[in-house]
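Everything on this sheet refers to the single structure shown next.
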Amino acid sequence: MGWGGGVPVWFGARMARILIVDDEVHVVGALRRLLRREGFSIEVALGGEEAIEKLATFPADVVISDFRMRGMNGLELLGQVLRIAPSAVRVLISGHADLSSGGPEAGVISHFISKPWDDDRLIADVRALLGAQRSAS
191 MGWGGGVPVW FGARMARILI VDDEVHVVGA LRRLLRREGF SIEVALGGEE
241 AIEKLATFPA DVVISDFRMR GMNGLELLGQ VLRIAPSAVR VLISGHADLS
291 SGGPEAGVIS HFISKPWDDD RLIADVRALL GAQRSAS
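In my numbering, each number is its position in the sequence shown, counted from 1, plus 190.
What follows is the structure, given as structure tokens:
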């Protein structure tokens with residue numbers, strides 16, 4: 191079950207950091223449990239504005255955001271993340287498949303994951319994205 195079995199995922203000299211953003215507490219909780227169990231350092235935010243604030247003290251390697259949230263939507267948030275933390279991998283999660291087709295948001299989103307997600311696939315995708323980011327830097 192899973193890829194890491196709780197072994198810390200290192201990014202250079204520190205654990206890989208993931209910021210999870212969703213306005214639904216149960217979704218944040220599910221993703222936090224899954225990713226923490228796999229060895230990632232996790233921070234959560236319940237909206238876009240809170241996520242921007244968290245990035246000031248938690249320089250995330252990956253930002254995973256839901257699309258539909260109150261206030262700032264996930265696409266707007268990831269656009270801001272691109273500006274303030276351009277090296278962060280930006281992952282959008284949505285139940286709306288039309289967002290995965292690569293419109294104008296293609297430059298803002300590093301990766302798209304459909305809801306409901308498959309746990310093993312999500313972990314594999316995050317690890318692959320981190321590997322690609324590490325190779326690029």
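Don't be surprised by glycine CBs; every beta carbon is placed ideally from N, CA and C.
#1: In its own chain, which residues sit with a C-beta less than 6 Å from the C-beta of Val218, not counting the 5 before and 5 after it?
#2: If you count every other CB in all the chains shown that lies within 10 Å of the CB of Ser325, and 16 or more means buried, which is it?
#3: Going by other Cβ atoms of all chains shown within 10 Å of its Cβ, with 16 needed for buried, is Glu214 buried or exposed?
#4: Buried or exposed for Glu228, please, with buried defined as at least 16 other CB atoms from any protein chain shown within 10 angstroms of its CB.
#5: Do you know whose CA, among Thr247, Ile274, Ser300, Gln323, lies nearest Val281's CA?
#6: Asp256 lies in the beta strand (DSSP E); which residues open and close that run?
#7: Rounded to a whole number of angstroms, what is the C-alpha to C-alpha distance between Ala322 and Leu312?
#8: Kindly list the residues whose CB is nearer than 6 Å to the CB of Asp310, restricted to its own chain and excluding five residues on each side of it in sequence; keep chain order.
#9: With C-beta atoms as the reference, is Asp222 less than 9 Å away from Gly237?
#10: Count the other C-beta atoms from every protein chain shown that fall within 10 angstroms of the C-beta of Ala241, then say buried if there are 16 or more, exposed otherwise.
#11: Around the C-beta of Gly192, are 16 or more other C-beta atoms found within 10 angstroms, so that it is buried, or is it exposed?
#12: Spatial neighbours of Leu225 within its chain, please: C-beta separation below 6 Å, excluding the five flanking residues on both sides.
#13: Quick one: what does DSSP say Ala284 is sitting in, helix, strand or coil?
This is what the structure gives:
#1: Ile210, Asp212, Val234
#2: exposed
#3: exposed
#4: buried
#5: Ser300
#6: 252-256
#7: 15 Å
#8: none
#9: Residue identity differs from the one stated: residue 222 is Arg in this sequence, not Asp. Cβ distance not < 9 Å, so Arg222 and Gly237 don't count as in contact.
#10: buried
#11: Residue confidence is low: Gly192 scores 43 on pLDDT, short of 50, so the model does not pin down where it sits. Its coordinate-derived value is still stated next. With fewer than 16 other Cβ atoms within 10 Å, it is exposed.
#12: Ile208, Ile232
#13: For clarity, residue 284 is Ser in the given sequence; the question names Ala instead. Residue state, collapsed to three classes: strand.
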